[in-house]
Each structure stands twice: as structure tokens, then as C-alpha cells.
Amino acid sequence: WLMGAGASLAAARFWELTVPDGDDGDGDEQQKLESRKLFVRVLGLYRPFYRLLAGGFLFLASAVACETFIPHYTGRVIDILSQDYQQSQFTSAVLWMGLFSLGSSVSAGCRGGFLLCAISAFTRRIKHQLFAALTKQEAGFFESVKTGQLTSRLSEDTVLMARTVCLNANVMLRTFIQTVGTIYFMMSLSWKLTCLVLMETPLTAALQRVYSAYDLRLSLVLQNSMAEASEAVTEAVSGIRVVQSFNAGKHEARRYGNLLMKINTLKIRQGAATAVYGLARRLIGLAMQVLMLYYGRQFIQDGQMTTGSLVSFILYQSQLGLGIMILASSFGRMLSSVGGARKVFEYLDRQPRISTDGKLRPDAMNGCVSFHHVHFAYPTCPENPVLQDFCLELRPGQMTALVGASGEGKSTCVSLLQRLYEPQQGQIRLDGRPLSSYEHRFLHDQIAVVNQDPVLFSTSIRDNIAYGRPDCSLEQVQEAARQANAHDFISNLENGYQTELGEADSLLSKSERQRIAIARALVRRPLVLVLDEVTSSLDAHAENQVQQALAACSSRTLLVIAHRLRTIEGADQIVVVSRGGVAEQGTHQQLMGRRGLYYRQRERLF
Numbered sequence: 002w003l004m005g006a007g008a009s010l011a012a013a014r015f016w017e018l019t020v021p022d023g024d025d026g027d028g029d030e031q032q033k034l035e036s037r038k039l040f041v042r043v044l045g046l047y048r049p050f051y052r053l054l055a056g057g058f059l060f061l062a063s064a065v066a067c068e069t070f071i072p073h074y075t076g077r078v079i080d081i082l083s084q085d086y087q088q089s090q091f092t093s094a095v096l097w098m099g100l101f102s103l104g105s106s107v108s109a110g111c112r113g114g115f116l117l118c119a120i121s122a123f124t125r126r127i128k129h130q131l132f133a134a135l136t137k138q139e140a141g142f143f144e145s146v147k148t149g150q151l152t153s154r155l156s157e158d159t160v161l162m163a164r165t166v167c168l169n170a171n172v173m174l175r176t177f178i179q180t181v182g183t184i185y186f187m188m189s190l191s192w193k194l195t196c197l198v199l200m201e202t203p204l205t206a207a208l209q210r211v212y213s214a215y216d217l218r219l220s221l222v223l224q225n226s227m228a229e230a231s232e233a234v235t236e237a238v239s240g241i242r243v244v245q246s247f248n249a250g251k252h253e254a255r256r257y258g259n260l261l262m263k264i265n266t267l268k269i270r271q272g273a274a275t276a277v278y279g280l281a282r283r284l285i286g287l288a289m290q291v292l293m294l295y296y297g298r299q300f301i302q303d304g305q306m307t308t309g310s311l312v313s314f315i316l317y318q319s320q321l322g323l324g325i326m327i328l329a330s331s332f333g334r335m336l337s338s339v340g341g342a343r344k345v346f347e348y349l350d351r352q353p354r355i356s357t358d359g360k361l362r363p364d365a366m367n368g369c370v371s372f373h374h375v376h377f378a379y380p381t382c383p384e385n386p387v388l389q390d391f392c393l394e395l396r397p398g399q400m401t402a403l404v405g406a407s408g409e410g411k412s413t414c415v416s417l418l419q420r421l422y423e424p425q426q427g428q429i430r431l432d433g434r435p436l437s438s439y440e441h442r443f444l445h446d447q448i449a450v451v452n453q454d455p456v457l458f459s460t461s462i463r464d465n466i467a468y469g470r471p472d473c474s475l476e477q478v479q480e481a482a483r484q485a486n487a488h489d490f491i492s493n494l495e496n497g498y499q500t501e502l503g504e505a506d507s508l509l510s511k512s513e514r515q516r517i518a519i520a521r522a523l524v525r526r527p528l529v530l531v532l533d534e535v536t537s538s539l540d541a542h543a544e545n546q547v548q549q550a551l552a553a554c555s556s557r558t559l560l561v562i563a564h565r566l567r568t569i570e571g572a573d574q575i576v577v578v579s580r581g582g583v584a585e586q587g588t589h590q591q592l593m594g595r596r597g598l599y600y601r602q603r604e605r606l607f
């Protein structure tokens with residue numbers, strides 16, 4: 002791990018020097034400092050896998066050392082064949098060549114195995130940490146970030162990030178060991194030719210500087226374009242019914258094709274830049290080889306070198322040039338790794354806007370909920386308040402119904418009650434205490450919500466009902482299903498509670514899905530149950546079945562949001578929400594007698 006850390010930091014320093022400075026000196030220095038911090042953080046995440054890294058780096062050093070000796074013995078073989086042939090010297094030289102070649106091959110294979118295992122383990126760890134961090138964010142975060150971007154970070158950037166240390170360490174250690182060994186042997190063969198060959202370095206560095214700046218810009222644009230393409234696929238697949246109903250398949254295909262064309266264009270530009278850079282590098286290398294052969298021939302004629310020594314020198318020069326080319330070609334991948342790491346750490350470091358530091362876990366509670374002068378606007382539209390000075394009390398054992406036009410704030414009340422958002426002003430209290438003072442999991446055990454379109458996961462019905470409560474027994478699951486009027490139809494399924502919804506989901510009616518969702522809420526035995534328009538799209542028979550399920554909830558604090566005013570006539574309290582506040586409040590008979598907003602809405606419907 003220490004070898005990897007040192008090599009990675011050395012590589013980071015090298016690349017830092019080769020990247021051209023920007024126009025803004027202060028910003029460029031800040032970017033360099035940030036890059037160093039990123040490398041250090043990634044190194045820290047690799048610490049549990051130091052044994053794998055150490056094994057990979059040791060085999061890497063062994064492979065490079067073996068490779069360095071091969072040209073030396075190749076030259077000796079040529080000298081033995083071109084001069085007085087001696088079988089013993091020839092056999093010895095060939096044997097050493099074979100041993101070093103075998104050692105290089107075996108060590109290279111072991112190096113690859115160790116480093117691949119380290120990258121795989123690191124990728125699993127960072128993906129798990131990133132997913133855990135994302136699940137802790139508040140709902141507003143997911144409204145401001147596209148789904149495709151999140152999946153791109155999880156599936157692509159984490160893999161690029163995992164390569165950072167192994168790529169840098171592998172390239173830097175290999176290049177360092179190979180360069181030191183190669184220059185040593187080259188100097189021992191001819192210091193004059195060595196000085197000539199090293200003249201290539203400043204030319205290559207200048208060329209690298211120009212190429213690096215261009216490739217850096219392209220890499221960042223390419224990553225963003227790939228995230229846009231992922232987002233387009235996610236939107237089209239998740240909304241496939243809308244796409245098909247509006248016959249927009251060709252439009253989505255054309256949209257995705259345009260994004261792919263953009264990505265393809267960027268990759269072509271990147272490939273063209275790499276090709277031009279490689280061509281220039283080869284021309285410089287070819288020019289140096291011509292000069293080296295010209296002077297090498299003169300040194301042979303003067304007796305300063307042998308033919309075998311010149312061959313060895315040429316092989317070492319090629320080896321040195323290849324190492325520099327590998328170092329340069331890996332620069333683009335390193336930039337992608339750094340960019341991916343930066344984006345991953347942005348999400349890992351993000352603190353949720355909603356605090357979950359509450360500690361209260363009372364042994365006994367009543368379930369009284371109260372909204373105290375609540376003001377709220379969604380983070381994406383802060384200039385448009387949804388609730389203004391909203392006050393409401395939900396009493397235990399009573400059913401409170403919220404009615405009103407769409408967009409008046411009814412579902413917003415549910416989101417605030419779940420602490421998916423925090424009000425900008427005012428408080429929501431449970432038994433007289435702010436929601437934020439309760440322990441996070443304890444609070445969500447006390448408040449359960451059933452939405453209009455319940456989400457059921459691709460697992461068994463039992464696991465769906467017990468979702469978030471893995472300690473629930475089958476008996477508890479069945480009891481909750483009976484209360485939700487769902488036990489009979491579940492039992493009639495071929496596999497009962499073990500039916501996988503990934504296969505049978507399409508066989509369930511909307512009413513059956515709703516009742517499974519109600520059972521999932523009831524298995525928690527919540528104090529407060531919220532039903533958000535659960536009957537708005539059901540027929541009369543299905544609505545009656547759901548209403549029977551709700552009869553089992555009469556002992557709880559029940560909040561119902563309904564568009565069908567007929568379904569909430571028996572509510573203990575009906576609250577009419579209008580313009581972000583409470584317009585009317587009372588029983589059905591009281592509100593009808595006042596002939597106000599509730600009366601007019603009902604008259605329009607009936």
C-alpha cells in the first residue's frame with residue numbers, strides 16, 4: 002500500500018507538472034491542490050486492500066527487472082555468434098535470456114491478477130458507500146439531479162475512480178524501474194549515445210504538454226455527454242408507456258441517436274488527437290533512431306562498441322521510448338479517473354439538508370399531529386410558496402380528510418409529515434414535540450404512508466409487505482394482510498406470499514396493489530396512517546374493497562387525501578385546503594350547512 006501511495010503521488014506530481022497552467026493562476030493552483038487531495042483520499046480508501054496492492058507491485062517490480070536484462074543478453078548472444086563461437090558462453094547467454102523471459106511473463110501475469118482483484122474489491126466498496134450516501138439524501142436532492150447522472154456515477158465513475166491508484170502506481174513504478182535500469186545499461190554501453198537519445202526528452206515533454214491540455218478538455222466534455230445519454234435512456238425506459246401512447250418511439254430514438262453522435266464525434270476528436278500525438282512522437286523517435294544508427298556505426302568502426310552492444314542499445318532505446326509512450330497514453334485515462342473521483346466525492350461529501358440527529362424514542366405515544374404556522378416552498382421553486390401559515394391538528398382515533406383542487410398543497414402536507422422536506426418556517430409536531438427531535442427510524446415506524454401509485458419491488462409479496470422490517474414473522478405479515486383485506490387473494494396465488502412480483506406484478510389489479518401497500522403500512526403498527534388519494538383511480542368495486550381495508554385503521558390517527566368527496570363523508574374532520582392555507586374545517590354536515598367552498602365543490606360534482 003505504501004509503495005502504491007508513493008508511486009501514485011509521484012505520478013500525480015509528474016502529471017501536475019505536465020498539465021499546462023490555465024489563464025487563472027489562483028484557480029489553477031486551487032485545482033492542483035484539489036487533485037492532490039483527491040489522490041490522498043482514494044489512497045485511503047485502498048488501505049484495506051494493501052496486501053493485494055503490495056503483491057501486485059512486487060510482481061510488477063520483478064517483471065520489469067527481468068525485462069531490463071533481456072536486451073543485455075540478446076546483445077551478448079549476437080557478439081558470441083559474430084566472434085569466436087564458444088558453445089558454453091552461447092548456452093549460458095541463451096539460458097539466462099530464457100529464464101528472464103519466463104520470469105517476466107510469470108510476474109506480469111501475477112501482477113495483473115493481484116491488481117485486478119484490488120480494483121474489483123475497491124469498486125465494490127466505493128459503490129456501496131456511494132449508494133448508501135445517496136439513499137440518505139433528502140427528496141429535494143433527487144429533484145435537482147437527473148437519474149441518469151446518478152446511475153452514471155454509480156456504474157461508470159466509480160470504475161474510473163478505482164483505476165486511479167492502480168493505474169498511477171503501475172505506470173509510475175514500471176516507468177521508474179525501467180528507466181533507471183535502462184539508462185544504467187545504456188550508459189554502460191555508450192554514454193555518448195545515451196546523451197544523444199536523452200535529447201528526445203524535452204521535445205517529448207513539450208509535445209505532451211500541448212496534447213494533455215487538449216485531451217483534458219475533451220475528457221470532461223465526453224463524461225458529461227455520456228451522462229446525458231444515460232439520462233435519455235433512463236427517461237425513455239421509465240416512461241415507455243407514455244412514449245408508446247404518443248407514438249414517440251422514433252423521436253426518442255432520434256434524440257438518443259443525436260446524443261450518441263455527439264459522443265462519437267468527441268471520441269473521434271479524441272482519437273484523432275491521440276493519433277496526431279502518436280505520429281509526432283514516432284517521427285521524433287525515428288529521427289533519434291537515425292542519428293543513433295549513424296553515430297553507432299562510427300563507434301563500431303572506431304572500436305568503441307561491438308555489433309551486439311549496438312543491438313542491445315537499440316533495444317534499450319526502444320524500451321525507454323515505449324515506457325514514455327505508455328506513460329503519456331495513460332494520461333488521458335488518469336484525467337478521466339480524477340474527474341470521476343471528483344464527481345463521486347461530491348456526492349459522498351454531501352450532507353443531507355434534513356437532519357436525522359434526533360434521539361427521542363418514547364415508550365408510549367398518542368399519535369397527535371399538529372401543523373404550527375407552516376410555511377413551505379419547494380427547493381426547485383423557492384419563489385412560489387405552496388403552504389402559507391398552515392395550521393392543522395390531527396387527533397388520535399379520528400379520520401381527517403384533506404380536500405381541495407390540485408396543486409393546493411395537500412400532498413405537500415404528506416411529504417412534510419414524512420420529513421421528505423423541511424418547512425422554511427413553523428413546525429410539525431408529534432405529541433407536542435417537533436418531528437426532528439425523534440430518532441429517524443423510530444419516527445418512520447410511527448408514520449406510514451400509502452400513495453396513489455404504490456411502488457412494489459421485484460421480490461416476493463411477503464418481502465414487499467415486510468419491507469424495511471426484516472424481523473417481521475410470516476404471522477405478522479399475514480395479520481397485516483388480513484387487516485388490509487388482502488389475505489384472501491394472496492392465498493389464491495399459486496405461490497401465496499412467496500409469489501415474486503417481478504413475474505406476477507402485471508397480474509395484480511390496481512386494487513390488489515393498493516391493498517398490499519396498505520398491508521405494508523399496517524405491519525409497522527403505525528400511530529399515524531396517511532392515505533394519499535388511494536381510491537382516485539379505482540372502480541366502485543375496488544374502491545369498496547379498499548374502504549373495507551381502511552375500516553381496520555379506525556383506532557389510528559388517519560389522514561386521507563381524496564378527490565372523491567363521497568368517500569370522505571364519514572370523516573371526523575374535513576379540511577378544505579386553498580391557496581396554501583385552511584379555507585374551511587368541520588364535519589360533512591357542518592360544511593354543507595355553511596354553503597362555502599366545500600359545498601360548491603360538491604355541488605359541481607353531483
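The opening residue of the sequence shown carries number 2 in the numbering used here; numbering runs sequentially from there. Glycine is no exception: its CB is placed at the ideal position from the N, C-alpha and C atoms. Given the structure is predicted, the values throughout are model-derived calculations rather than measurements.
Boundaries of the beta strand (DSSP E) in which residue i is found, first to last residue
i      : result
LEU403 : 400-404
ILE569 : Where ILE569 is concerned, there is no enclosing beta strand (DSSP E), given that its DSSP letter is neither H nor E.
ASP158 : First-last for ASP158: undefined, no H or E at that position.
LEU560 : 558-562
LEU532 : 529-533
Cutoff 7 angstroms; reference residue i; Cβ partners in own chain excluding five residues on either side
i      : result
GLU253 : ALA237 and VAL244
THR235 : THR148, GLY149 and THR152
LYS344 : ARG154 and ASP158
LEU284 : none
ASP390 : HIS374, HIS376 and GLY582
ARG525 : ASP446, ALA449 and ARG470
Whether residue i touches residue j by CB criterion (9 angstroms)
i      : j      : result
LEU208 : LEU292 : no
ALA481 : ALA518 : no
GLU403 : VAL370 : According to the sequence provided, residue 403 is Leu. The question's Glu does not apply to it. Their beta carbons are not under 9 angstroms apart, which means LEU403 does not touch VAL370 by this criterion.
GLN447 : LEU528 : yes
HIS373 : GLN428 : yes
LYS128 : PHE300 : no
PHE91  : VAL78  : yes
GLY141 : ARG354 : yes
LEU431 : VAL375 : no
PHE40  : SER191 : no
PHE624 : ALA163 : Residue 624 lies beyond the stretch modelled for the chain, which goes from 2 to 607, so this question has no answer here.
LEU46  : ARG126 : yes
VAL531 : VAL451 : yes
GLN179 : VAL312 : no
LEU61  : LEU174 : yes
LYS251 : SER226 : no
Cβ-based neighbour list, residue i, same chain, cut-off 6 angstroms, excluding 5 preceding and 5 following
i      : result
GLU570 : HIS589
GLY104 : CYS67
ASP573 : GLN399 and MET400
N-terminal and C-terminal residue of the alpha helix (DSSP H) that residue i is part of
i      : result
PHE91  : 88-136
GLN590 : 589-595
VAL146 : Unbroken run through VAL146: none, as it is neither H nor E.
ASP80  : 51-83
THR266 : 250-302
LEU523 : 511-523
Close Cβ partners of residue i (< 8 angstroms) along its chain, the five nearest in sequence each way excluded
i      : result
THR357 : LYS137 and HIS441
PHE458 : ASP464, ASN465, TYR468 and LEU502
LEU219 : LEU267, ARG270, GLN271 and ALA274
SER310 : GLY76, ASP80, LEU190 and SER191
Alpha-carbon to alpha-carbon, residue j and residue i
i      : j      : result
LEU349 : VAL415 : 28 angstroms
GLN591 : ARG605 : 18 angstroms
ARG603 : GLN453 : 22 angstroms
ALA505 : ARG514 : Legend: pLDDT at ALA505 = 48, less than 50; position of this residue unreliable, value from coordinates given subsequently. Between ALA505 and ARG514, the C-alpha separation is close to 11 angstroms.
ALA6   : LEU44  : With a pLDDT of only 46 at ALA6, under the threshold of 50, the placement of this residue in the model should not be trusted, and no figure is reported.
TRP2   : PRO49  : In this prediction, TRP2 scores a pLDDT of 46, lower than 50, which makes its location untrustworthy; no coordinate-derived value is stated.
ASN367 : ALA522 : 18 angstroms
MET98  : THR75  : 7 angstroms
ALA94  : GLN290 : 26 angstroms
ARG210 : GLU384 : 48 angstroms
THR460 : TYR498 : 10 angstroms
LEU287 : ARG52  : 42 angstroms
ASP24  : ALA214 : Per-residue confidence for ASP24 stands at a pLDDT of 48, beneath the threshold of 50, marking its modelled position as unreliable; no derived number is given.
is_contact[residue i, chain C] using C-beta, thresh 9 angstroms
i      : result
PHE391 : Looking for chain C here will not work: only one protein chain is present.
Start-end ranges of the beta strand (DSSP E) lying completely within the region 345-404, minimum 3 residues: 370-377, 388-395 and 400-404
List in chain order: all unbroken beta strand (DSSP E) runs of 3+ residues lying wholly within the region 419-486. Positions of the beta strand (DSSP E) runs, each at least 3 residues long and wholly inside the region 419-486, are given as 426-431 and 448-451 in order along the chain.
Ranges of the alpha helix (DSSP H) found wholly within the region 191-222, counting only runs of at least 4: 192-199
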